[in-house]
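Below is one structure; the comments refer to it alone.
There are 2 protein chains.
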Amino acid sequence: MDEFSFIDSIKQSYYKQAALKRGIGDDAAVFHIDEDIVAATDTFVEDIHFSRSTMQPFHIGYRALAANISDMAAMGARPMFYLVSIVIPTKWPMEEISAIFSGMDAIASQYQMDLIGGDTVSGKELAISITVIGSVPDNRARYRHDAKSGDIVFVTGTLGDSQAGLYLLSKENASVFKDADYFILRHRMPAPRVEFSLGLQKLNRVSLNDVSDGIANEANEIAEASSKAIVLYDDLIPIHSSLQQFPKEHQFQWKYFGGEDFELIGTVPEKDWPLVQEIADNTKTKVTKIGMVFESEEPRVYYIKNNKKQKLYKHGYKHLK
Amino acid sequence: MDEFSFIDSIKQSYYKQAALKRGIGDDAAVFHIDEDIVAATDTFVEDIHFSRSTMQPFHIGYRALAANISDMAAMGARPMFYLVSIVIPTKWPMEEISAIFSGMDAIASQYQMDLIGGDTVSGKELAISITVIGSVPDNRARYRHDAKSGDIVFVTGTLGDSQAGLYLLSKENASVFKDADYFILRHRMPAPRVEFSLGLQKLNRVSLNDVSDGIANEANEIAEASSKAIVLYDDLIPIHSSLQQFPKEHQFQWKYFGGEDFELIGTVPEKDWPLVQEIADNTKTKVTKIGMVFESEEPRVYYIKNNKKQKLYKHGYKHLK
């Protein structure tokens, strides 16, 4: 298959977004959005961000776009469009490249997103670069720098599931573990929290971040951007009941530093907490209060465990991964 | 330098575009544009799209962004923002990566463009993926499918310069050639025709394409998208006077199939041709009438040379480059 017939094969027969005036087929796409526009880009390289041994091509595409959609959720934005640049090694059969695009299409369809551009080039290693574009009502974009003292810190879903899934994918005997399929699915096909994030538009002030590198990292980003201290209560950090079958040190590592759960962590004024719970109910999202925001001379994150308060560092942060 | 200090080093101290509400520093950038929005993405891989033997890191960045800006010019759009994903092999010193970004910044500054996002990841080969976002007055985006019979076909600048430059860069004795520096500069630091393209907003109808793969390819794209025949007059194809020092077969190859000149080729109603010439004068752009558009049952491009009419194929097209 040459580039032309490949682009034809991924070209949509109709546009899902009414805002789109022109998708793939000219030098650029054209659209019109009356709200604020949100744009982010993320790149995934084989054997660094994913491995063929734990992901099928469909999952590679699904998860790559999920990570980008999660950035939109972290901004309070509705994902609308995506552009894909892909470097394809000659050893990859075109059918597997198509499967990557099918994976992206599967999650894009859930949000009526249109693929509006891209580039396919050959190279030595598979690299997928996605730009996602979304919209948010004017001045309703959610930033990390909006935490204030007295805020409640919340997180959606359960943490550490994706790392547990990755761990199980490295095991020959994964099936002896309880809920192995659940954890593996959470790793391969994570669900960004778009509906819940859009629900939060009812609130005047929310600081928000998505859990791509572990909550230790994300909580520190909020603390730094807002110049506040955040205290997390270890007992309250939500984990799946079957996570308890793994060694304690794994549990600790995964829930604080295990990335790629693509849950949301944020802070809201205490008075708005009941509204957040109502939005969670309405969007069938689990939400848990896990801490509080305090004034602080230096931005810091602590966790309290067995009545001991300890510093929580950005351990999840990786150099140039 | 780790990823954090690198991102700090490329983070702008102020925003050039008033439309930008939030640049680098959160999960995504936020901006507001009242006009139609135009977006495109392009990827460049070492040893496929560029080589260290002919390009310094500064030029690699400059030319990569120039190619993207040229896509905006091809749409009649004003470039505003860009996002950069870069895969960096460990053998590349961080200083050279910074030089790539300096090259991008040099051309971005000419258009007051802001770098609003990106991702830096490690990998085996250098790959740069750029998404560029621009704006165009509502329904003034220029497409390939708008050519009508009787239109004049025009092209900006001179053709084949970039390929001549690449040819000279492969020669030990480049300096014996006339205007070698000119051709090499045209290859390394091409100038997209943004001002001229914006000037064309005065016209109601223009079909437009940029010359990234050679005019044979681009003219065929317009003919196909518009279902018309295009006839080009070989005598009229503009070349630099010093291109004549190269063998005739090189001249022919470069002017029709030599890509990366990033000139514009388009068609306009004959009555608007004087206005196009005026816009060219005002923006100090050379513009040349090179052909005409005709009705045709099948889309075709011909060129007339020595009173002989021959088919011109999309020879410049390359599979998955």
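Protein chains in written order, with the UniProt record's numbering: chain V, 1 to 321; chain F, 1 to 321.
Beta carbons: idealized from backbone N, C-alpha and C, even for Gly.
If residue i and residue j are in contact, beta carbons under 8 Å, what's the gap, nearest whole angstrom?
| i | j | result |
| --- | --- | --- |
| A39 (chain V) | G117 (chain F) | 6 Å |
| I130 (chain F) | V84 (chain F) | 5 Å |
| R144 (chain V) | S226 (chain V) | 7 Å |
| Q253 (chain V) | L243 (chain V) | With a Cβ gap of about 11 Å, Q253 (chain V) and L243 (chain V) do not count as contacting. |
| S162 (chain F) | H187 (chain F) | 5 Å |
| R205 (chain F) | D146 (chain F) | 6 Å |
| E224 (chain F) | E125 (chain F) | Contact flag wrong, Cβ pair sits at about 33 Å. |
| G259 (chain F) | L159 (chain F) | Contact flag wrong, Cβ pair sits at about 10 Å. |
| I230 (chain F) | V153 (chain F) | 6 Å |
| T90 (chain V) | G199 (chain V) | Contact flag wrong, Cβ pair sits at about 46 Å. |
| A127 (chain F) | T43 (chain F) | 6 Å |
| D210 (chain V) | D27 (chain F) | 6 Å |
| L166 (chain F) | T54 (chain F) | 6 Å |
| G123 (chain V) | I48 (chain F) | 6 Å |
| N220 (chain F) | K311 (chain F) | Going by Cβ atoms, the distance from N220 (chain F) to K311 (chain F) rounds to 10 Å, so no, they are not a contact pair. |
| S149 (chain F) | K271 (chain F) | Actually they do not touch by this definition, with Cβ atoms about 14 Å apart. |
| T41 (chain F) | D119 (chain V) | 6 Å |
| K178 (chain V) | Q245 (chain V) | 6 Å |
| A73 (chain F) | S197 (chain F) | 4 Å |
| A77 (chain F) | V155 (chain F) | So it is not a contact: roughly 19 Å between Cβ atoms. |
The beta strand (DSSP E) with residue i in it runs from where to where?
| i | result |
| --- | --- |
| G291 (chain F) | 287-294 |
| D114 (chain V) | 114-123 |
| V136 (chain F) | 127-136 |
| P79 (chain F) | 78-89 |
| L264 (chain F) | 264-268 |
| M209 (chain F) | A small correction: the amino acid at residue 209 (chain F) is Asn; Met does not occupy that position in the sequence shown. That run of the beta strand (DSSP E) goes 207-210. |
| I230 (chain V) | 229-233 |
| I304 (chain F) | 300-305 |
| K308 (chain V) | 308-311 |
In the DSSP assignment, find the unbroken alpha helix (DSSP H) run with residue i in it and report its ends.
| i | result |
| --- | --- |
| Q251 (chain V) | 248-257 |
| Q110 (chain F) | 94-110 |
| G199 (chain F) | 194-199 |
| Q244 (chain V) | No alpha helix (DSSP H) contains Q244 (chain V), which DSSP labels as neither H nor E. |
| N139 (chain F) | No alpha helix (DSSP H) holds N139 (chain F); DSSP gives it neither H nor E. |
| D281 (chain V) | 273-282 |
| I237 (chain V) | Neither: I237 (chain V) is in no alpha helix (DSSP H) and is coded neither H nor E. |
| E218 (chain F) | 215-226 |
Restricting to Cα atoms, I'd like to know which of the options is closest to residue i.
| i | options | result |
| --- | --- | --- |
| M75 (chain F) | F:G134, F:N204, F:S162, F:S296 | F:G134 |
| E32 (chain F) | V:G123, V:A29, V:L232, V:D36 | One point to set straight first is that residue 32 (chain F) is His, not Glu, in the sequence displayed. The shortest Cα separation from H32 (chain F) among V:G123, V:A29, V:L232, V:D36 belongs to V:D36. |
| F164 (chain F) | F:P247, F:T41, F:G25, F:G291 | A small correction: the amino acid at residue 164 (chain F) is Ala; Phe does not occupy that position in the sequence shown. Out of F:P247, F:T41, F:G25, F:G291, F:P247 has the C-alpha closest to the C-alpha of A164 (chain F). |
| residue 324 (chain F) | F:I222, F:Y313, F:K284 | Lying outside 1 to 321, the shown extent of chain F, residue 324 (chain F) is not represented and no answer is given. |
| residue 346 (chain F) | F:Q277, F:I128, F:Y233 | Residue 346 (chain F) cannot be examined here, being either before or after the span of chain F that is shown, 1 to 321. |
| K16 (chain V) | V:N307, V:T41, V:P79 | V:P79 |
| K11 (chain F) | F:N220, F:V276, F:M113, F:L312 | F:M113 |
| V30 (chain F) | V:Y313, V:S175, V:E270, V:V132 | V:V132 |
| L275 (chain V) | V:K202, V:Q56, V:F101 | V:K202 |
| D105 (chain F) | F:H59, F:F196, F:D119 | F:H59 |
| S102 (chain F) | F:V155, F:Q56, F:D71 | F:Q56 |
| Y82 (chain F) | F:G157, F:N68, F:S296 | F:N68 |
| L168 (chain V) | V:G25, V:L185, V:T120, V:Q110 | V:L185 |
| G157 (chain V) | V:Y14, V:Q277, V:G25 | V:Q277 |
| Y256 (chain V) | V:D71, V:E295, V:K305, V:W273 | V:K305 |
| residue 322 (chain V) | V:D34, V:E95, V:Y14 | Residue 322 (chain V) cannot be examined here, being either before or after the span of chain V that is shown, 1 to 321. |
| Y111 (chain V) | V:S296, V:P93, V:S70, V:W92 | V:S70 |
| M94 (chain F) | F:S9, F:E249, F:E295 | F:S9 |
| L115 (chain F) | F:S296, F:D151, F:G25, F:A174 | F:G25 |
Taking 8 Å as the cut-off, does the region 20-28 of chain F touch the region 45-64 of chain V (at least 3 CB pairs, one atom from each stretch)?
no
Inter-stretch contact (C-beta, 8 Å, three-pair minimum) for the region 191-204 of chain F and the region 261-277 of chain F:
yes
Specify whether the region 211-226 of chain F and the region 293-301 of chain F touch according to this definition: at least 3 beta carbon pairs, one from each stretch, less than 8 Å apart.
yes
Taking the runs of the beta strand (DSSP E) that are 3 residues or longer, which of them lie wholly in the region 10-72 of chain F?
20-22, 29-31, 36-45
Mind pulling the beta strand (DSSP E) runs of 3 or more residues that sit fully within the region 144-202 of chain V?
152-156
So, do the region 276-289 of chain F and the region 232-239 of chain F have three or more beta carbon pairs nearer to each other than 8 Å?
yes
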